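Residue numbers (the numbering used here): 1333 to 1390.
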């Protein structure tokens, strides 16, 4: 289900992080997923937020 995630992050440039975070947040808020799938979305969102924050510090 996340097969395009790595391609987006590699090829999308600086826009990719913002786009991915926005999509992940919308999926989390929509409650379309439950249990482990919902948790996976939350983890991906937090990991991406952390990476974005660290890259801004550099």
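All residues carry an ideal CB built from backbone N, CA and C; glycine is no exception. Source: prediction; values computed, not measured.
Under the rule that 16 or more other beta-carbon atoms within 10 Å means buried, what is residue 1373, buried or exposed? buried
Among 1340, 1349 and 1341, which residue has its Cα nearest to the Cα of residue 1385? 1349
Going residue by residue through the segment 1341–1374, where are the continuous alpha helix (DSSP H) segments of at least 4 residues, counting only ones entirely within it? 1345–1362
DSSP three-state call for residue 1336: helix, strand or coil? coil
Is the CB-CB distance between residue 1380 and residue 1352 below 7 Å? yes
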